[in-house]
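Student:
In the working numbering, the protein residues as written are 2 to 129.
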């Protein structure tokens, strides 16, 4: 699963580092947007910048809270949250929570003292 995130956001890059540690099965390919070369059929760059996006192995895209749930389903310790995220009431809560965090991500990052651009860009020519 390809995970596209804001590489200029401290909380986003911190979360990506945590996900790399938790992803022991190597199911996530984490990419900051500024290193992303794109894929056919992807949402436009403005949409990608507006929210976290993931693309699964079947080429389906998810964004925002749905993307969080999709990522959680790939991480064993978080899988129960990901499965619950399929329920309408939980999905609604995830979306609302995601929107609050996304809208305030740079402010939250500063308050937590998290620097931006902490996730290394992939090597040139590396697969997505």
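Glycine is no exception: its CB is placed at the ideal position from the N, C-alpha and C atoms.
I need the straight-line Cα distance from residue 2 to residue 8, nearest angstrom please.
Tutor: Distance between the alpha carbons of residue 2 and residue 8: 18 Å.
Student: Tell me the rounded alpha-carbon separation between residue 33 and residue 87.
Tutor: Between residue 33 and residue 87, the C-alpha separation is close to 26 Å.
Student: Hey, how far is the Cα of residue 27 from the Cα of residue 103?
Tutor: Cα to Cα, residue 27 sits roughly 26 Å from residue 103.
Student: Nearest-angstrom Cα distance between residue 47 and residue 35?
Tutor: Distance between the alpha carbons of residue 47 and residue 35: 12 Å.
Student: Report the residue from 77, 85, 58 whose alpha carbon sits nearest the alpha carbon of residue 66.
Tutor: With distances taken between Cα atoms, residue 66 lies closest to 85.
Student: Using C-beta distances below 8 Å, list every residue in its chain close to residue 10, excluding the 5 sequence neighbours before and after it, in chain order.
Tutor: The residues are 106, 107, 110, 117.
Student: By the DSSP assignment, the alpha helix (DSSP H) with residue 25 in it spans what residues?
Tutor: Taken as a continuous stretch (DSSP letters only), residue 25 belongs to no alpha helix (DSSP H), as it is neither H nor E.
Student: Identify whether residue 32 lies in helix, strand or coil by the three-state DSSP scheme.
Tutor: In the structure shown, residue 32 sits in a strand (DSSP, three-state: E or B).
Student: What does the Cβ neighbour count give for residue 113, buried or exposed, with the cut at 16 atoms within 10 Å?
Tutor: Exposed, by the Cβ-count rule.
Student: At a Cβ threshold of 8 Å, is residue 43 touching chain D?
Tutor: Absence of chain D from the displayed structure is noted, only one protein chain being present.
Student: Cα separation between residue 20 and residue 14?
Tutor: Going by the C-alpha atoms only, they are around 10 Å apart.
Student: If I follow the unbroken beta strand (DSSP E) through residue 63, where does it start and stop?
Tutor: It spans 62-64 - the beta strand (DSSP E) in which residue 63 sits, taken as one unbroken run.
Student: Tell me whether residue 50 sits in a helix, a strand or coil according to DSSP, three-state version.
Tutor: Reduced to three states, the DSSP call for residue 50 is helix.
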